[in-house]
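Heads up: the structure comes next, in structure tokens.
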Amino acid sequence: MSAIHLQNLVKKFGDFTALKTMDLEIADSEFMALLGPSGCGKSTTMNMIAGMEEPTSGKILFGERDMAGVPMGRRGVGFVFQNYAIFTHMTVRQNLAYGPRMRGAAKAEIDRRVGAIAEMLQLSPLLGHKADRLSVNILQRVAIGRSAIMEPAIFLLDEPLSNVDAAFRAVMRTELKQLQRQFRQTMVYVTHDQLEAMTMADRIAVMDHGVLQQVGTPLEVYNNPANVFVARFIGAPGMNLLKGRPAESDRGLVIDLGPLGVTPPLPDELATALRTVRGDVLYGFRPEQVTLAERGLSMPVSFVERIGARTIVHLGEGEGAVKAVFENGVGLSVGQAAVVAPPASSVRVFDAATGLAVRAG
Amino acid sequence: MSAVTATISEDEMGARTKPATPDEGARLGFRLTLPAQILVLFISAFPLLMQLYISVTDWSPLSGIGWWNAWEMWNSFANYTDLAADTRFWSALQRTAIVMLVCVPAEFLLGLALATLFADDFPGKRIFYSILLMPMMVVPAVAGYMFFMLFQSGGPVNDILSRIVGTPVTIAWLSDPNLALIAVMVADIWQWTPLMFLILLAGLVGVPEDQMKAATLLGADAWQRFTTIVLPKMKTIIIIALAIRVIENFKIFDTLYIMTGGGPGVATETISVYIYKVTTQDLIWGYGAAIALAILIVLSIVAVYAMKRMAKAREVPA
Chain A
1 MSAIHLQNLV
11 KKFGDFTALK
21 TMDLEIADSE
31 FMALLGPSGC
41 GKSTTMNMIA
51 GMEEPTSGKI
61 LFGERDMAGV
71 PMGRRGVGFV
81 FQNYAIFTHM
91 TVRQNLAYGP
101 RMRGAAKAEI
111 DRRVGAIAEM
121 LQLSPLLGHK
131 ADRLSVNILQ
141 RVAIGRSAIM
151 EPAIFLLDEP
161 LSNVDAAFRA
171 VMRTELKQLQ
181 RQFRQTMVYV
191 THDQLEAMTM
201 ADRIAVMDHG
211 VLQQVGTPLE
221 VYNNPANVFV
231 ARFIGAPGMN
241 LLKGRPAESD
251 RGLVIDLGPL
261 GVTPPLPDEL
271 ATALRTVRGD
281 VLYGFRPEQV
291 TLAERGLSMP
301 VSFVERIGAR
311 TIVHLGEGEG
321 AVKAVFENGV
331 GLSVGQAAVV
341 APPASSVRVF
351 DAATGLAVRA
361 G
Chain B
1001 MSAVTATISE
1011 DEMGARTKPA
1021 TPDEGARLGF
1031 RLTLPAQILV
1041 LFISAFPLLM
1051 QLYISVTDWS
1061 PLSGIGWWNA
1071 WEMWNSFANY
1081 TDLAADTRFW
1091 SALQRTAIVM
1101 LVCVPAEFLL
1111 GLALATLFAD
1121 DFPGKRIFYS
1131 ILLMPMMVVP
1141 AVAGYMFFML
1151 FQSGGPVNDI
1161 LSRIVGTPVT
1171 IAWLSDPNLA
1181 LIAVMVADIW
1191 QWTPLMFLIL
1201 LAGLVGVPED
1211 QMKAATLLGA
1221 DAWQRFTTIV
1231 LPKMKTIIII
1241 ALAIRVIENF
1251 KIFDTLYIMT
1261 GGGPGVATET
1271 ISVYIYKVTT
1281 QDLIWGYGAA
1291 IALAILIVLS
1301 IVAVYAMKRM
1311 AKAREVPA
């Protein structure tokens, strides 16, 4: 088991910069998710940790040990590939035994370790099966077992659930989380699916365009996004952001949203921080936190989506569009005007020029 | 029942031609493909039967009767008993086997080495690739003439050897009974390594890259990856490549015949050359047919064995 330190990590492919100066501390036994859209540099980061790619500059340390020049076979890293990369021409047993066999372990030793891992992963009855006709969750277990048998300090998982159909993903997520609890290894999990990151990770590193945007627990990232990208990316749908300008009123500091009117007054701490900002700001609140109110922003309903128990109501148009999520059906129909108000405590404000969150205190 | 059939046929494409029962479908299919089947059967079976027929007679084109009347010259399997005692046949067979045992492994190993090299990128790869495939496209007879000239005692091969050794080399490659076979084998390896390379490269690029990476991460070195991942994954294609070359090489003729004509003496006389001489020079067609049939049986055994191995390679884990 080992912590991972990424220091000033940069990766360039010719003229293209895949990763711009990344610093990240991953604690021992932590489940860290690297989350971001495709091309954000998360896989590049992971490949560098695994040793498949050499960093252009910067350092990777496992604990105290600098990994520069250490080939991937010697890093003590378990890697679970997107499609698991199971050796299909071998049996489950041969797959599990592969690592120790390549390291020249004795046959009795291999048998003992394969037996133990198979027992732990409930693969014992399948040991004799050929690996090309197994279901995905078995493949996942074989892939994890095959790496775990080497007792790696670090486990890297590259979008292992992206080829799995949605219904099965929930099962796999639970199983994966349980396995991590069992092994207590440091895990780095690359994904573009925030649901996976939110449900499994201890902390999430949100990335975009080769830049680390925010690192935090799932709730921190959800509740206090560091910038506009994180605010929009996390949450389904993402945070509502309305452009406006701070303005003083007799009830306190409000934000003038132009044609949409004026927001309710902001909490004092946020107002204090906001007074230092010059220029436009973005007024943000989560669709899930929107409530229908007597006073607030009045907007026409443009579209109503019903997803089972949840209802997503689209309000307004263009720049001033807002989504509201209600847990139950609401009596709103297209064309009707709705008055919505986010609770003052859930409001987040971002500097429109820099995209950064304006933090209270 | 009829209601069910109706819904199915409405749902499916081409419903109108869909037969009511599978049995009827099979019969219709058989009738529709019958002409083609007869043609194929005729093309493959007719020469075989004709050969079998002639091989039990003393018939030749000079006998003055049509081949269909060859039964008049029936010789009670004398051709086959002669064959068993024919030392020239047995030594030709032995020579053919030697050529095969040298050429095919050489072509395989060279082809595999080249394929491994070409699986990775390197500068100028496309040009080398084209050059490498060229020998395969040369007409074998032309290749025969090329090597005939290369191996003359005053030819380029000796010229290069002279430069290396420093003293003039005048080896009579094609008229030395021992060296002639080597020269012939060099020509065959030159011409057919590219085919081996091409087939093996196709197999090699088909080896999943992530499985190779997984093996590396699990601590396998390059040689271990090759033996535990690459070779098992290529098993089927290796069997195909070897089977093609074994069968083709067994029939080695054109290049060889132009280079040496089977000589000096019978030093490079392989089975094909021997059959050619028996039929076109000695004009004993019945005997030629008997030899050819014996060879066909040998090659069929090779083919069946290869196909069985292939089926096994696909089913049983390594």
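So the protein sequences, as listed, match chains A and B. Using the numbering used here, the first residue of the first sequence is number 1, and each one after it goes up by one. Using the numbering used here, the first residue of the second sequence is number 1001, and each one after it goes up by one. We treat Cβ as the ideally placed atom computed from N, Cα and C, and that holds for glycine. Bear in mind the structure is a predicted one, so any value in this text is a computation, not a measurement.
- DSSP places residue 256/A outside any alpha helix (DSSP H); the residue lies instead in the beta strand (DSSP E), whose first and last residues are 252-256.
- In the DSSP assignment, residue 1137/B falls outside any beta strand (DSSP E) and lies within the alpha helix (DSSP H) extending over 1125-1137.
- 7 Å or more divides the Cβ of residue 273/A from the Cβ of residue 253/A.
- About 26 Å separates the beta carbon of residue 226/A from that of residue 315/A, a gap too long to meet the 8 Å contact definition.
- In chain order, 30, 32, 215, 216 and 217 place their CB closer than 7 Å to the CB of residue 203/A, counting only its own chain and leaving out the 5 sequence neighbours on each side.
- At a C-beta separation below 8 Å, residue 103/A has these neighbours in chain B: 1219.
- Not a single C-beta of chain B is nearer than 7 Å to the C-beta of residue 314/A.
- Sequence-ordered contacts of the stretch 238-260 of chain A with chain B are nonexistent [C-beta pairs closer than 7 Å].
- With contact defined as three or more Cβ pairs closer than 8 Å, the stretch 1187-1205 of chain B and the stretch 1132-1140 of chain B are in contact.
- The three-state reading of DSSP puts residue 348/A in strand, counting E and B together.
- DSSP places residue 1270/B outside both helix and strand once states are collapsed to three, so it counts as coil.
- Within the stretch 1197-1220 of chain B, the residues whose Cβ lies closer than 8 Å to any Cβ of chain A are, in chain order, 1208, 1210, 1211, 1213, 1214, 1215, 1216, 1217, 1218, 1219 and 1220.
- Contact fails between the stretch 1047-1061 of chain B and the stretch 1027-1036 of chain B, because fewer than three Cβ pairs, one in each stretch, are under 8 Å apart.
- The DSSP-derived three-state label of residue 247/A is strand.
- Taking C-beta atoms as the reference points, residue 339/A and residue 302/A fail to come closer than 7 Å.
- Beta-bridge annotation (DSSP): residue 194/A is not paired with any residue.
- Neighbours of residue 1229/B in chain A, taken as residues at a C-beta separation under 7 Å, are given in chain order as 87.
- Residue-level contact by beta carbon fails for residue 69/A and chain B, as no gap is shorter than 7 Å.
- Burial state of residue 1039/B is exposed, judged by a 10 Å Cβ sphere holding fewer than 16 other Cβ atoms.
- For chain B, the residues of the stretch 148-162 of chain A that bring a beta carbon within less than 7 Å of one of its beta carbons are 150, in chain order.
- Around residue 164/A, the same chain offers 136 and 172 as residues with beta carbons nearer than 7 Å, after the five sequence neighbours per side are excluded.
- Taking all protein chains shown into account, residue 155/A has 16 or more neighbouring C-beta atoms within 10 Å of its C-beta and is therefore buried.
- No Cβ of chain B is located within less than 7 Å of the beta carbon of residue 145/A.
- In this chain, the alpha helix (DSSP H) harbouring residue 1248/B covers 1231-1250.
- Collapsing the DSSP output to three states places residue 1063/B in a helix.
- DSSP places residue 53/A outside both helix and strand once states are collapsed to three, so it counts as coil.
- Interface residue (Cβ-Cβ distance to chain B less than 7 Å): residue 98/A is classified as such.
- Bridge pairing for residue 307/A: 310/A [DSSP].
- The Cβ of residue 81/A sits closer than 7 Å to at least one Cβ of chain B.
- Here residue 123/A really is in contact with residue 145/A; their C-beta atoms are around 6 Å apart, less than 8 Å.
- Under the Cβ criterion of 7 Å, residue 1224/B is counted among the residues facing chain A.
- Excluding sequence positions up to five before and after residue 147/A, its CB lies within less than 6 Å of the CB of 78, all in the same chain and listed in chain order.
- Contact fails between the stretch 1283-1290 of chain B and the stretch 1304-1314 of chain B, because fewer than three Cβ pairs, one in each stretch, are under 8 Å apart.
- A straight line joining the alpha-carbon of residue 11/A with that of residue 40/A spans about 12 Å.
- Within chain B, the residues 1216, 1217, 1218, 1219, 1220 and 1221 have their CB atoms less than 8 Å from the CB of residue 73/A, given in chain order.
- In the structure shown, residue 277/A adopts coil according to DSSP, grouped into three states.
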